[in-house]
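So for the sequence shown, numbering that gives the first Met the number 0 puts the first residue at 0; every next one is plus one. The beta carbon of each residue, even a glycine, is placed where N, CA and C say it ideally should be. Only a predicted model underlies this, so the values are computations on that prediction, with no experimental measurement involved.
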Amino acid sequence: MLDRRVMMSVLGVAATLLVPAAAEAAPSRVAILGPSDTPILPRLQRNVDSMKLEASHATVSLCTRDVVTRLVNELGTDAALCTDGDQIGVWVREGERLVLKDAVVVQSADARAQELAAARAVMALRTVPATDGTTASAPPTAFTIVANGPSATITPSNPEPTTTPTEAPPARDTVAARPRASAERIAPRLVLGAGPAIAGSRDGSSFAISVDAEIGVSRYVALVPWLQVVPANRLAEAPLGSASFRPTIFGLGFGIPLLRPSSIVVPRIGAGYGILWMHVAPETASTPATMRKPEDLLAPMMYASTALSVKVAQDFRVAAEGMFGVSSHDMVVRIGGAPAAHWGVPLASAALRGEWVVQ
């Protein structure tokens, strides 16, 4: 009987030591993911090193579930810290699934806010369950020997309620959905486009070349400098002679994509201001007195545009864009003092451009 009591005491002590160890289990390898120029990455590394965890690194611009899952499998890690600079997603492996455990928002760009966000994200890993898929519970405060004889067992006297892996709290799904909606930029960091266009105004239309660049200045808005030039001169004729002119537009505005760049079709809207420049050169004149000197006409303008961009490859799209604008005054080509052609009030164009997308 004494030996049995001694054995039960030893079992109680062993259970007391083993349960806390299981509760404190944490991933042994963590992937740190994000853009290479993000200053929060070295802060994450320092906090991970302080937890004596092995870290692997990869450069990404998006923190979507597909991207994080692929890199976690490639790097062979148990968890991942993925950041786009604005927030940090804490991803952990639960069995065969990868679950977003927490999303830590970086409140501002100053060093203190980034340090606090990095510490909070790494601290979230301390409560990650063991990677064998079992759920750890808090250690009981005491143990009770139930029954006598060979069937005696040790059970906690104040067992804490536990949940199975399938009983994830509903808040986890809520947290997981929020960062997925904002992890990917709506406006890409850079889009370079070029292609043919048709430019028109009161006196007809001409073939043109359209070039633009969309620079993502925020998650949703892009700054758009663009150029449209008519490569071949247009000809204006009158009884007193003829003259050639070539309209060119230098524009600067903003563009707002309505869907993510990973979508197959992305509609865009935009607006802005520009300068309409027209070089006029006399060609012929009935008399030397009616021959005018070459001149350059300038007029400010404003415009609105809409476009539809279709994904062709991973980083290449084809966009159809329509633009409608109006200049501050009519650009008039005069021959012998009489108007022969007009351009600018109003003006419009339709362009078909190939686009290279830089995420």
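Beta-ladder partner(s) of Cys62, from DSSP: Start at 1 with the first residue of the sequence shown, and residue 62 comes out as number 63. Answer is none; Cys62 lacks a bridge partner.
Could you round the C-beta distance between Gln113 and Arg184 to whole angstroms and report it? I think they count as a contact, below 8 Å. Stepping through the sequence shown from its first residue, residue 113 is reached at position 114. Stepping through the sequence shown from its first residue, residue 184 is reached at position 185. Not really, about 19 Å apart at Cβ, beyond 8 Å.
Going residue by residue through the stretch 202-231, where are the continuous beta strand (DSSP E) segments of at least 3 residues, counting only ones entirely within it? 203-215, 221-228
Start and end residues, beta strand (DSSP E) containing Val261: Sequence index remark: in the sequence shown, residue 261 carries index 262 (1-based). In the sequence under discussion, the amino acid at residue 261 is Ser, which differs from the Val named in the question. Segment: none, Ser261 is in no beta strand (DSSP E) and carries neither H nor E.
Can you tell me whether Arg184 is helix, strand or coil according to DSSP? Within the sequence shown, residue 184 is the residue found at index 185, counting from 1. Residue state, collapsed to three classes: coil.
Looking only at its own chain, which residues have a Cβ that is under 6 Å from the Cβ of Ala120, when we skip the five neighbours before and after it? Residue numbering aside, residue 120 sits at position 121 when the sequence shown is read from its first letter. Correct list, in chain order: Leu80, Ile87, Val89, Val103.
Among all the DSSP beta bridges, which residues are the ones paired with Ile31? Position 32 of the sequence shown, counted from the start, is the residue given in the question as residue 31. His56, Leu80, per the DSSP bridge assignment.
Are there three or more Cβ pairs, one per stretch, closer than 8 Å when the stretch 305-315 is compared with the stretch 203-211? no
Report the residue from Val71, Ser35, Met50, Gly75 whose alpha carbon sits nearest the alpha carbon of Ser60. One-based indexing of the sequence shown puts residue 60 at position 61. The residue with the shortest Cα to Cα distance from Ser60 is Ser35.
For a test of the three-state rule: what should DSSP assign to Ser49, helix, strand or coil? Taking the sequence shown and counting its residues from 1, one reaches residue 49 at position 50. Ser49 falls in the helix class under three-state DSSP.
What residue range is occupied by the uninterrupted beta strand (DSSP E) comprising Ala303? The residue you call residue 303 lines up with position 304 of the sequence shown. Where Ala303 is concerned, the enclosing beta strand (DSSP E) stretches over 294-310.
Exposure label - Trp368; buried when at least 16 CB within 10 Å: With the chain running from 0 to 358 in the structure shown, residue 368 is simply not present.
Could you compute how far the alpha carbon of Pro338 sits from the alpha carbon of Ala221? Position 339 of the sequence shown holds residue 338. Position 222 of the sequence shown holds residue 221. Going by the C-alpha atoms only, they are around 40 Å apart.
Could you tell me which residues DSSP puts in a beta bridge with Thr283? On the sequence shown, residue 283 is found 284 positions in, with the first residue counted as 1. In DSSP, Thr283 forms a bridge with Ser241.
Cβ-Cβ distance between Lys100 and Ala118 below 7 Å: Taking the sequence shown and counting its residues from 1, the one referred to as residue 100 is at position 101. Taking the sequence shown and counting its residues from 1, the one referred to as residue 118 is at position 119. No. Outside cutoff.
Distance, Gly215 Cα to Ile268 Cα: What you label residue 268 is simply residue 269 of the sequence shown in a count that begins at 1. What you label residue 215 is simply residue 216 of the sequence shown in a count that begins at 1. Cα to Cα, the separation comes out at about 14 Å.
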